[in-house]
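Mapping of the sequence shown onto my numbering: residues 231 to 534, in sequence order. Note that beta-carbon positions come from the ideal geometry of N, C-alpha and C, so glycine has one too. Shown next, in structure tokens, is the structure this report addresses.
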Amino acid sequence: MERASARLAEVRIELVRPLVHWTAAEIHALRGDWEVAERHLSAGVAAPHQYEVMLVPAALARAQVAEARGEYDRVLEALAPVAQLPSRRSVNEPGFWPWQGVYANALVMTGRLDEAEAFLAPCEELAGRRGHLSTLARLGLARGRLTGARGDIDTARTQFEQALARLEPLPLPYDRARVNFSYGQTLRRAGKRREAGTVLTNARDTYVTLGAHTYVERCDRELQAGGVQGARSAPGLSRLTPQEQAVARLVATGATNKQAALELYISVKTVQYHLTHVYSKLGIRSRSELAARFKEPHPGPRLP
């Protein structure tokens, strides 16, 4: 992608500029190279009046970088120009732009369940008529999330398994990891911690293989929050429960209560509840004191 970016500067084919920088921005975001990802976002920007072939990848780049950060409000903001197009007939066609699953997932993660239902139904119907497996799987991720958020964990489990089955014959390991990550989050929220641990470990293993360090860290936080994987903690933090440690780790690195809630798939009130106990157990009174007490373990070496 770096070579493509350099060549693009030479040939100046404006039409494909956002497409090139979209791919580069997503890869760097998955690796955790945020500064480089932001540089590609800036280089790939497109205005609403420009061609759809420019607008959609520019919006997807912003959305997928925001999704990697767990900032689902920003995902919706990024994809709003696409969702608000006067006609979405071309951009909705399965197999062209994989934006529908990203958008539907963000609707669920921000609690807009009725909107997610209304958006998903026609997308699923079209993908079903086309028989497009990867699109059905990506939409199935969002459908599983939505069903789980409504309390029907058994049906949600079936929907996630169907999504994984549709991906089985396809060479799309990132999509399989993404489904497993969402599946594990949904199971953990439903109190199915042992099952969640298995599914999240599957997702983590794939992310490690891909070098997607951002999601390896997110899987680690999920596993820690579910109490499945022993967390490596700084001295003095062993008194915290796994969920308290997961909340404390995010807040200590600068996350707001809302960001921590979205990342851990819990409510803001639950974050506040855990923080109250964290402060009490550690004898501290502020986020800055928490940051000083709670140190992230040094990450292991990254894969090339």
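The C-beta of residue 241 has fewer than 16 other C-beta atoms within 10 Å across all chains shown, which makes the residue exposed. When the Cα atoms are used, residue 448 and residue 371 turn out to be separated by approximately 17 Å.
For the 8 Å CB-CB criterion, residue 397 and residue 442 do not form a contact.
For residue 405, the uninterrupted alpha helix (DSSP H) segment begins and ends at 403-419. By the beta-carbon neighbour count (other beta carbons within 10 angstroms, threshold 16), residue 412 is buried. In the structure shown, the three-state DSSP call for residue 495 is coil. By the C-beta criterion, the segment 273-288 is judged not to be in contact with the segment 466-484, since fewer than 3 inter-stretch pairs fall below 8 Å.
Between residue 298 and the set 404, 284 and 419, the nearest pair of CA atoms involves 404.
Distance check between residue 256 and each of 244, 246, 457 and 269 places 269 closest, using alpha-carbon atoms only.
Rounded to the nearest whole angstrom, the C-alpha separation of residue 271 and residue 357 is 29 Å. Sixteen is the threshold: when 16 or more other Cβ atoms of the shown chains lie within 10 Å of the Cβ of residue 377, as they do, the residue is buried. Note that the C-beta distance between residue 337 and residue 349 is below 8 Å.
Judged by DSSP in its simplified three-state form, residue 231 adopts coil rather than helix or strand. The three-state reading of DSSP puts residue 302 in helix, counting H, G and I together.
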